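Chains Y and E supply the protein sequences, listed in that same order. In terms of this note's numbering, the first sequence opens at residue 273 and continues consecutively. In terms of this note's numbering, the second sequence opens at residue 273 and continues consecutively. Accompanying notes for the structure given below.
There are 2 protein chains.
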Amino acid sequence: MRVSSIGEYIKEQREQAKISLRQLASQAGVSNPYLSQIERGVRRPSAEILQQIAKGLRISAEALYVQAGILEDRPPDSGVRMAVLAAPELTERQKQVLLEIYDSFRKENDGQPVSQAPGPAKKAAKKAAKAPAKKAVKKVAPKAARAPASSTTPSRPTNPS
Amino acid sequence: MRVSSIGEYIKEQREQAKISLRQLASQAGVSNPYLSQIERGVRRPSAEILQQIAKGLRISAEALYVQAGILEDRPPDSGVRMAVLAAPELTERQKQVLLEIYDSFRKENDGQPVSQAPGPAKKAAKKAAKAPAKKAVKKVAPKAARAPASSTTPSRPTNPS
DNA sequence: AAAAGGTGCTTGCTTTTGCAAACGCCCAGC
DNA sequence: GCTGGGCGTTTGCAAAAGCAAGCACCTTTT
Chain Y
273 MRVSSIGEYI KEQREQAKIS LRQLASQAGV SNPYLSQIER GVRRPSAEIL QQIAKGLRIS
333 AEALYVQAGI LEDRPPDSGV RMAVLAAPEL TERQKQVLLE IYDSFRKEND GQPVSQAPGP
393 AKKAAKKAAK APAKKAVKKV APKAARAPAS STTPSRPTNP S
Chain E
273 MRVSSIGEYI KEQREQAKIS LRQLASQAGV SNPYLSQIER GVRRPSAEIL QQIAKGLRIS
333 AEALYVQAGI LEDRPPDSGV RMAVLAAPEL TERQKQVLLE IYDSFRKEND GQPVSQAPGP
393 AKKAAKKAAK APAKKAVKKV APKAARAPAS STTPSRPTNP S
């Protein structure tokens, strides 16, 4: 367990790099007061600002996004995920379906390498009652969106960090 | 490069999913006018909104971020088949299932690249060109694998094991 | 043919972002 | 002494984000 907020994380990374707030602000191309507010959680930086800060800190932007709760925490990459995401011959939905199945397989195997020993080839996924789990960002009206069940329409596992 | 802006990409994905603008807006938890403006490039959505839209579209958030030029490009690592075959965390049976589904998807798409490989994520171009993108992928996979998800009825691997 | 409902788009409006210009504080020099 | 420059913080304010309401148009339904 590291830090709880994106600002703390940025501040931690900045202090670890032993650079001042103004320095980082300059390198990131943002104003110093704004960076100060970001670090203290007063403001919520937009995507572009986050990206620039990540550049200034020379850390991965994805780390920042995960910290910000914007990107979901991904399981450690195993090549399959990247290959699927990069595949130009698949639609995004198809990629999603493949990755869901892949994740469910990995969950079955509990992360153990099983390439030699074939485990019990169970069914991958069952029907699961869909809890809405509406994580409103701010003031999202409870609209009770329905899933239309289109042709190739998977459902994301919604893996919270 | 199929699309040049994030808005076009979102619109393309939305139309590919065959849902209306209002539907996506509702599922994403944003207002319809705002989504309209985002798709036409009038507004630049924040990170949170982008994430909600990605959820609503059920596509990977990474794809959106790369499109927005916010996340760096990731190494292509092409070759889904090789990556799957090389994965040590899957059983042979699981590999076979994944590759079956992968092949059925490719057959659906008739071998045409339907999602562009993420290009160099430099946020310079504002050139807007009307992308036709009417290659609807509507054919149903014949028989992917009886295992987890026949492509028309994807599973929800929210397995609480 | 009007009512009802669908599509996307435009219009005011409030809220938030992000910055420039301050501020107070501490420490090195001239 | 006090001048200068570093630090992080506070304070308005222009600009953009984001939404509710309404618009115009097109299909269905009654």
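C-beta atoms are modelled at their ideal positions from N, C-alpha and C, and glycine is treated no differently. If you're wondering where the values come from, they're calculated on a predicted model, not measured in any experiment.
- Query: Closer than 7 Å, CB to CB, is Glu361 (chain E) near chain Y or not?
  - Reply: Chain Y contact via Cβ: present.
- Task: Return yes when the Cβ of Gly328 (chain Y) is within less than 7 Å of the Cβ of Gln299 (chain Y), no when it is not.
- Result: Yes, these two residues count as a Cβ contact at 7 Å.
- Query: So, do the stretch 351 to 358 of chain E and the stretch 311 to 327 of chain E have three or more beta carbon pairs nearer to each other than 8 Å?
  - Reply: The stretch 351 to 358 of chain E is not in contact with the stretch 311 to 327 of chain E.
- So is Ala335 (chain E) in contact with chain Y if we call contact Cβ pairs under 7 Å? Contact of Ala335 (chain E) with chain Y is assigned, a C-beta pair being separated by under 7 Å.
- What residues of chain E sit near Asn381 (chain Y), judged by a beta carbon separation below 9 Å? Glu361, Leu362, Thr363 and Gln366
- Item | Tyr337 (chain Y) to Val369 (chain E) span [Cα, whole Å] | 32 Å
- Query: Does the distance from the CB of Asn304 (chain Y) to the CB of Arg315 (chain Y) come in under 7 Å?
  - Reply: no
- Item | Own chain partners of Gly279 (chain E) with C-beta closer than 7 Å, once the 5 adjacent residues on each side are dropped | Ile310, Glu311, Arg312 and Gly313
- Query: What in chain Y is Cβ-close to Tyr374 (chain E), meaning under 7 Å?
  - Reply: Leu370
- Item | Bounding residues of the alpha helix (DSSP H) (the contiguous stretch that carries Arg353 (chain Y)) | Val352 to Ala358
- Query: Taking the continuous alpha helix (DSSP H) assigned at Ala333 (chain Y), which residues delimit it?
  - Reply: Its alpha helix (DSSP H) spans residues Ala333 to Gln339.
- Measure from the C-beta of Ala300 (chain Y) to each C-beta in chain E and report whether the shortest distance is under 7 Å. Taking 7 Å as the CB threshold, Ala300 (chain Y) stays off the interface with chain E.
- Task: Use the C-beta contact count for Pro360 (chain E): other C-beta atoms within 10 angstroms, 16 or more gives buried, fewer gives exposed.
- Result: exposed
- Task: Flag Ser277 (chain Y) as yes if its beta-carbon sits less than 7 Å from any beta-carbon of chain E, otherwise no.
- Result: When Cβ-Cβ separations below 7 Å define contact, Ser277 (chain Y) makes no contact with chain E.
- Query: Could one say the Cβ of Gly351 (chain Y) lies closer than 7 Å to chain E's Cβ atoms, at least one of them?
  - Reply: Chain E contact via Cβ: present.
- Give a yes or no on whether 7 Å exceeds the smallest Cβ distance from Ala242 (chain Y) to chain E. As shown, chain Y starts at 273 and ends at 433. That puts residue 242 (chain Y) outside it, with no answer to give.
- Message: Here's the rule: buried if 16 or more other CB atoms are within 10 angstroms of the residue's CB, otherwise exposed. What is Glu287 (chain Y)?
- Response: Exposed, because fewer than 16 other Cβ atoms sit within 10 Å of the Cβ of Glu287 (chain Y).
- Task: Give the interface partners of Val356 (chain Y) over in chain E, defined as CB-CB distance under 7 Å, in chain order.
- Result: Val352
- Query: Looking only at its own chain, which residues have a Cβ that is under 7 Å from the Cβ of Glu334 (chain Y), when we skip the five neighbours before and after it?
  - Reply: Leu343
- Which residues bound the alpha helix (DSSP H) around Val369 (chain Y)? Glu364 to Asn381
- Which value, in whole angstroms, describes the spacing of the CA atoms of Ser277 (chain E) and Glu284 (chain E)? 11 Å
- Task: Would you decide whether Ala289 (chain E) is buried or exposed? Buried here means 16 or more other CB atoms lie within 10 Å of its CB.
- Result: Classification of Ala289 (chain E): buried, given that the 10 Å Cβ count is 16 or more.
- Item | Among Y:Ile291, Y:Ile321 and Y:Ser308, nearest to Gly301 (chain Y) - alpha-carbon criterion | Y:Ile321
- Query: At a CB-CB cut-off below 7 Å, which residues of chain E make contact with Arg378 (chain Y)?
  - Reply: Glu361
- Task: Going by CA-CA distance only, name the one from Y:Pro317, Y:Ala297 and Y:Thr363 that's closest to Ile282 (chain E).
- Result: A check of alpha carbon separations from Ile282 (chain E) across Y:Pro317, Y:Ala297 and Y:Thr363 identifies Y:Thr363 as the nearest.
- Task: Report the neighbours of Val309 (chain E) on chain Y: residues whose CB is nearer than 7 Å to its CB, in chain order.
- Result: In the sequence as displayed, the identity of residue 309 (chain E) is Gln instead of Val. Here the premise fails: no neighbours, minimum Cβ distance about 16 Å.
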